[in-house]
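Below is one structure, written out as structure tokens; the observations come after it.
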Amino acid sequence: MIIGLISFPQELPRLSSPPVNESVNGTSITISWSAWNENNDAGDPPVIGYIPYYRKIDGNLWIRNKMTSADTLMFTANGLDPETSTSFRVSAVRDGEGGEGPKSEELNVTTICDGMISTSLATIILIIERHNNQTVNSGFYILLNISISDRAL
């Protein structure tokens, strides 16, 4: 008598909610996400970790980061440009080759101004010396690249 086992393909895990913004400054954004849960999310367990992705909103290339452990539910993207919009997605990972599930929905976050306003000025100063209503000496100076900083915004 031969008894066969029926194997059903497992569905890759997928987070049903996008990540959320935890903190943002001029050059970094920290996101978090809820742990995969078989009652709320799609796919089959067990989930062994997560892979965060990010990209500039106007860019096409997603940056894939290292897989976190199953209990690490936070990621910080550093080295971003101030006042730049960035998209984030997270995928849940099941053990084994090809165990990474589809990416979550996107979260869009914009870094803030880093508190520094820098302005280059081109200023022309005209100097005229007068003596008895006659122009004695005239000339001009050009001042370039004067930086103005103000941290009290």
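In terms of my numbering, the sequence shown is residues 20 to 172. Where is the CB? At the ideal position from N, CA and C, for every residue including glycine.
Boundaries for Ser35: no beta strand (DSSP E) harbours it, and the DSSP string shows neither H nor E there. Val128 places its beta carbon less than 7 angstroms from that of Val43. The residue from Ile48, Pro32, Ser104, Tyr69 with its alpha-carbon nearest to that of Asn59 is Pro32. Residue burial is scored here from C-beta neighbours: Lys122 has at least 16 other C-beta atoms within 10 angstroms and is therefore classed as buried.
Asn79 and Thr103 have their alpha carbons spaced roughly 15 angstroms apart. Beta-bridge pairing by DSSP links Lys75 to Thr105.
Beta-bridge analysis with DSSP links Ile82 to Tyr73. Around the beta carbon of Trp55, a 10 Å sphere encloses 16 or more other beta carbons of the protein chains shown; the residue is thus reported as buried. Within the DSSP bridge table, the entry for Glu119 names Val112 as partners. Looking at Glu30, Ser53, Ser35, the one whose alpha-carbon comes closest to that of Glu41 is Ser53. At a Cβ-Cβ threshold of 7 angstroms, Met93 and Ile70 do not count as neighbours.
Thr105 and Tyr73 do touch by the CB rule: their CB atoms are close to 6 angstroms apart, below 8 angstroms. Note that the C-beta distance between Gly118 and Ala111 is not below 7 angstroms.
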